[in-house]
Amino acid sequence: MTRIDALLAAGPTFSFEVFPPKTPEGREQLDLALDELAVVNPSFVSVTYGAGGSTRDLTRDLVIDIQSRTGIPSMAHLTCVAHRRDELLELVEDYRRAGIENLLALGGDPPADGSDVPGELTYANELVSLVAEVGGFCVGVAAQPELHPRSTDRASDRRHLADKLAMADFAVTQFFFEVEHYLSMVDELTALGVDKPVIPGIMPVTNLAAVDRMAAMSGAAFPAHVHARFEPFADDPEAVRRIGIELASELSAALLAAGAPGLHVYSLNRSAATAAIHANLGIGR
Ligand code: FAD
Numbered sequence: 106m107t108r109i110d111a112l113l114a115a116g117p118t119f120s121f122e123v124f125p126p127k128t129p130e131g132r133e134q135l136d137l138a139l140d141e142l143a144v145v146n147p148s149f150v151s152v153t154y155g156a157g158g159s160t161r162d163l164t165r166d167l168v169i170d171i172q173s174r175t176g177i178p179s180m181a182h183l184t185c186v187a188h189r190r191d192e193l194l195e196l197v198e199d200y201r202r203a204g205i206e207n208l209l210a211l212g213g214d215p216p217a218d219g220s221d222v223p224g225e226l227t228y229a230n231e232l233v234s235l236v237a238e239v240g241g242f243c244v245g246v247a248a249q250p251e252l253h254p255r256s257t258d259r260a261s262d263r264r265h266l267a268d269k270l271a272m273a274d275f276a277v278t279q280f281f282f283e284v285e286h287y288l289s290m291v292d293e294l295t296a297l298g299v300d301k302p303v304i305p306g307i308m309p310v311t312n313l314a315a316v317d318r319m320a321a322m323s324g325a326a327f328p329a330h331v332h333a334r335f336e337p338f339a340d341d342p343e344a345v346r347r348i349g350i351e352l353a354s355e356l357s358a359a360l361l362a363a364g365a366p367g368l369h370v371y372s373l374n375r376s377a378a379t380a381a382i383h384a385n386l387g388i389g390r
């Protein structure tokens, strides 16, 4: 069984995200992490797509390689930004021919320098429709528990998410640190008539400065009470890692207890934190 909708139906799923390495050393690190995480029997692995299509071939080749080499069902991320329809269709056809059944359809971000990028699709829902034209895929979309950073108001952001998710099979969330953010979003989607599975994204904090930076970019709040747990250990990287794993494990346990259909860990191509969360939850072996 490699379709994520089928895995979710038999769930909960336990999965993780990786990115395409750009150097041979990075690839070695990723292969090691994949070997170590294969032991916890993950439901699936997802591979990011570089902003503006910058990792187009790397992502495609890595997704196909992971699924064929490890047997772990693999999901390719794909973004609208900077692509023509025919380029996207060609890529989706490549995946179909290679036996990849899961795609995460994303809007993508405009370049940080504010320059204009040519592209024929604007929003992720248009990419969901394009993938449906090819047919046969299980399609996920992104969800933002704390709203998308570009959204103008909560009601329209949730409406756009509900419309997009109604066309897709499931969603994966941006990372967040308070279980209430996830539960409120799921309640709001239910009120809008959408009850597709929404898999929470879990970010184990292993480095305070990096998480501060990522939280600022993604619109996810790094709450003061969470920060306070790390503060006494700011100069002790090993303690920061330990507390980060504890926090991620507590959040994961609370989400599963509240009915989340799975967990998707942002592994950043490392295995130790993801494996430790699995061990703390007693899952995957
Ligand atoms: P959309 O669903 O298109 O939404 C973007 C904004 O537009 C929102 O504010 C929404 O409310 C609004 N909107 C949506 N539809 C409409 C409409 N019809 N009319 C008006 N407004 C609308 N980025 C990458 O480049 N590569 C990746 O691999 C990647 N992986 C990700 C994985 C996850 C799990 C998540 C949560 C995000 C990921 N991102 C990735 C980031 C993502 O591309 C950005 O957050 C991007 O800014 C929006 O993507 P989206 O799919 O949420 O967009």
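Going by this note's numbering, the sequence shown wraps up at 390, each residue one higher than the last. Ideal Cβ placement from N, Cα and C applies to all residues, glycine included.
Close Cβ partners of Glu206 (< 7 Å) along its chain, the five nearest in sequence each way excluded: Thr107, Arg108, Phe242 and Cys243
Span separating the alpha-carbon of Ala320 from that of Gln134: 25 Å
Below-9 Å beta-carbon distance, Ala377 vs any chain D residue: In the displayed structure, chain D is absent; only one protein chain is listed.
Nonlocal neighbours in the same chain, by C-beta distance under 7 Å from Pro215, ignoring five residues either side: Val186 and Val222
CA nearest to the CA of Gly306, picked from Val331, Ala315 and Glu251: Glu251
Proximal residues to Leu113 (C-beta, below 7 Å), its chain only, five neighbours per side dropped: Phe275, Pro302, Pro366 and Gly367
Cβ shell of Val277 (< 6 Å), same chain only, five flanking positions each side left out: Gly245, Ile304, Gly306 and His369
Segment contact flag, the segment 310 to 326 with the segment 261 to 270, C-beta cutoff 8 Å, min 3 pairs: no
Within 9 Å, strictly: CB atoms of Val74 and Ile171: No answer is possible for residue 74: the residues shown for the chain start at 106 and end at 390.
C-beta atoms of Ala156 and Gly213 nearer than 9 Å: yes
Endpoints, the alpha helix (DSSP H) within which Phe327 is located: Unbroken run through Phe327: none, as it is neither H nor E.
For Phe121 and Leu142, believed in contact at Cβ under 8 Å, the rounded distance: 6 Å
At least 3 beta-carbon pairs within less than 8 Å: the segment 331 to 339 vs the segment 284 to 292: no
Gln172 (DSSP reduced to helix, strand or coil): helix
Separation of Ser234 from Glu408, as counted between CA atoms: With the chain represented from 106 up to 390, any question about residue 408 goes unanswered, as that position is not in the structure.
Every unbroken beta strand (DSSP E) within the segment 216 to 292, with a cutoff of 3 residues, ordered by chain: 243 to 248 and 275 to 280
Strand pairing of Asn207, partner residues [DSSP]: Met180 and Cys243
For the ligand FAD, residues whose Cβ lies under 5 Å from any non-hydrogen atom: Thr153, Tyr154, Ala156, His182, Thr184, Leu211, Gly212, Gly213, Asp214, Tyr228, Ala229, Ala247, His253, Arg255, Ser256, Asp262, His265, Val277 and Gln279
Through-space distance from Gly176 to Asp110, alpha-carbon basis: 17 Å
Assigned exposure category for Thr290 - 16 Cβ within 10 Å defines buried: For clarity, residue 290 is Met in the given sequence; the question names Thr instead. Its Cβ being crowded by 16 or more others within 10 Å, Met290 is buried.
Rounded straight-line distance, which links the Cα of Asp199 to that of Leu288: 37 Å
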